[in-house]
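The sequence shown begins at 3 in the numbering used here and counts up by one. Ideal Cβ placement from N, Cα and C applies to all residues, glycine included. One structure below.
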Amino acid sequence: MIAPNYSGASRPGASPAGGDGDAVVEHLTVPYDLAGTRLDLALARLMPQHSRARLRVWIEGGQVMVDGALREPKFKLHGGERLAVRSPAADVVLQDAAQPLDLRIVYEDDAILVIDKPAGLVVHPGSGNRDNTLLNALLHQVPNAVSLPRAGIVHRLDKDTSGLLVVAKTAQAQTSLVRQLQARSVKREYFAVARGDIARALTIDAPLGRHPVQRTAMAVVERGKPARTHVTVLERFGAATALRCALETGRTHQIRVHLAAIGHPLVGDATYGSRTNSRDARVPAFARQALHAQRLALVHPVSGATMQWESPLPADLQSLLDELRTRTRS
């Protein structure tokens, strides 16, 4: 592992789609006898177990790379290209996965759905969480989502992170949102409470990858994917600091790992919190990582209008802040 770089400059950031999550990535080489064939038609020949319509949705949703680049379904191949096809693992169970779960919907139209996710709700089925997830709820709320990769989910929040998340309801909207995330034009800001005293704004620049020992965790690693987090100080309590975090990249557990890497793990983070800091009696016990996706802004996939939403702090985070202020004054 390597030490992160960070600087005093702080500026707004945006986040592309999140980490790899539960997906199957298949690598294929285009045979030369398919030279001149459209990408969607060639992929249908190479992956006959999937419908052409589904493969086209994957291409338009940014799930297919041609020699490392995104291409349109009608892109003509020359033969010899390397394809990387990222198919959501949940696609094999979508038909029977709809569940009527309560969702806090803050905005909905024919193209997108913006949800204020509570802590404790898993976004996507995975090992140990095969149902009662956001994806299951979406398949009930938006039945047509069964035809979309990940039921229209284009980015994620960790199970115990609360806040705003946008979901596509059509293939056109999903393609637009994926491209906006890749272009880093979707703006997401998080409210966080970290252990220790952070005195100034800073930018943490450190590559992230799988932890070399704990395979379910992430870490700062030399050959990881580039990751940058911009941190602004909102309120200082001595033993803890309230922060605004903006992501320039959107890696799995990025804020949690970056803050832990500079010695300031999130309050309540059982995975990345240090044992030494966790013993500080000045910081109240907290049942989850103190992280909330508070602001979201994007360009509407159909109207082209810039839209933004803000989520109030959930009750548990507000109580944590009130207790920290009380302890600081006493």
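* **Alpha-carbon spacing of PRO33 relative to GLY64, whole angstroms** => Approximately 22 Å between the Cα atoms of the pair.
Local conformation of ALA229 per DSSP, three classes:
Residue state, collapsed to three classes: coil.
- prompt: Among PRO314, THR234 and ARG329, which residue has its Cα nearest to the Cα of ARG106?
  reply: It is PRO314 whose Cα lies nearest to the Cα of ARG106.
Assuming the contact rule is C-beta atoms closer than 8 Å, GLU312 and ARG246 should be a hit. Round their C-beta distance to whole Å, please.
Not a contact, Cβ separation roughly 12 Å.
If you draw a straight line from the alpha carbon of PRO2 to that of LEU204, how long is it in whole angstroms? Not covered by the structure: residue 2. The range shown for the chain is 3 to 332.
Sub-8 Å separation of VAL301 and GLN216 beta-carbons: In terms of Cβ geometry, VAL301 and GLN216 do not form a close pair [threshold 8 Å].
* Asked: Near HIS294, which residues of its chain fall below 8 Å by C-beta distance, leaving aside the five closest residues on each side in sequence?
  -> Cβ neighbours of HIS294 within its own chain (closer than 8 Å, five residues either side excluded): THR163, SER164, GLY165, TYR192, PHE193, ALA194, SER313, LEU315, PRO316 and LEU319.
Neighbourhood of SER178 by C-beta distance below 7 Å, restricted to the same chain and skipping five residues each side: Within the same chain, SER178 has close Cβ partners PRO303.
Self-check item: For GLU325, the nearest candidate out of GLN310, ARG230 and PHE288 (CA to CA)
Solution: Residue PHE288 is the option with its Cα nearest to GLU325.
Since GLY82 and THR31 should fall inside the 8 Å C-beta cutoff, what is the C-beta to C-beta distance between them, to a whole number of angstroms? Yes, GLY82 and THR31 are in contact; Cβ-Cβ is about 7 Å, under 8 Å.
For ARG297, write down the residues that DSSP places opposite it in a beta bridge.
-> BP columns for ARG297 point to GLU191 and GLU312.
| said: Tell me which residues share the same chain as THR330 and place their Cβ nearer than 7 Å to its Cβ, disregarding the 5 neighbours each side in the sequence. | reply: PHE239 and GLY240, listed in sequence order.
| Are the CB atoms of LEU123 and VAL169 nearer to each other than 8 Å? | Taking C-beta atoms as the reference points, LEU123 and VAL169 fail to come closer than 8 Å.
**Asked** Where does the unbroken alpha helix (DSSP H) through ARG329 begin, and where does it stop?
**Response** Residues 317-331.
- From the DSSP output, in three-state form, read off GLU74 for me. Here GLU74 carries a coil assignment [DSSP, helix/strand/coil].
Exercise. In three-state terms, what does DSSP make of ILE264?
Worked result: In the three-state scheme derived from DSSP, where H, G and I count as helix and E and B as strand, ILE264 is classed as coil.
Among LEU150, PRO120, ASN146 and THR218, nearest to LEU136 - alpha-carbon criterion
Ranked by how close their Cα comes to the Cα of LEU136, the residues LEU150, PRO120, ASN146 and THR218 have PRO120 in first place.
Q) Terminal residues of the continuous alpha helix (DSSP H) containing VAL180? A) Judged by DSSP secondary structure, VAL180 falls within the alpha helix (DSSP H) whose first and last residues are 173-184.
Between ARG88 and HIS126, which are expected to be in contact by the criterion C-beta below 8 Å, what is the C-beta distance as a whole number of angstroms?
-> ARG88 to HIS126, Cβ: 13 Å. No contact.
Classify HIS266: buried if its beta carbon has 16 or more other beta carbons within 10 angstroms, exposed otherwise. Burial state of HIS266 is buried, judged by a 10 Å Cβ sphere holding 16 or more other Cβ atoms.
Pairwise C-alpha distance: ARG253 and ARG212: A straight-line Cα-Cα distance of about 11 Å links ARG212 and ARG253.
Notebook entry, point to check: Taking all protein chains shown into account, do 16 or more other C-beta atoms lie within 10 angstroms of the C-beta of HIS260, making it buried, or fewer, making it exposed?
Noted result: Answer is buried; the Cβ neighbour count reaches 16.
Task: Anticipated Cβ contact below 8 Å, ASP160 with HIS255, distance rounded - done: Indeed they touch by this definition, with Cβ atoms about 7 Å apart.
inquiry  = Less than 8 Å between the C-beta atoms of THR243 and ASP207, yes or no?
reply    = Going by beta carbons, THR243 and ASP207 fall outside the 8 Å limit.
Same chain, Cβ closer than 8 Å to MET309, neighbours up to 5 away in sequence not counted:
Exclusion of the five residues before and after MET309 leaves TYR109, ALA299, LEU300, VAL301 and HIS302 as the residues of its chain whose Cβ lies within less than 8 Å of its Cβ.
Exercise for review: Round the Cβ separation of VAL269 and ALA248 to the nearest angstrom and send it over; I've been treating them as touching at under 8 Å.
Suggested key: VAL269 to ALA248, Cβ: 19 Å. No contact.
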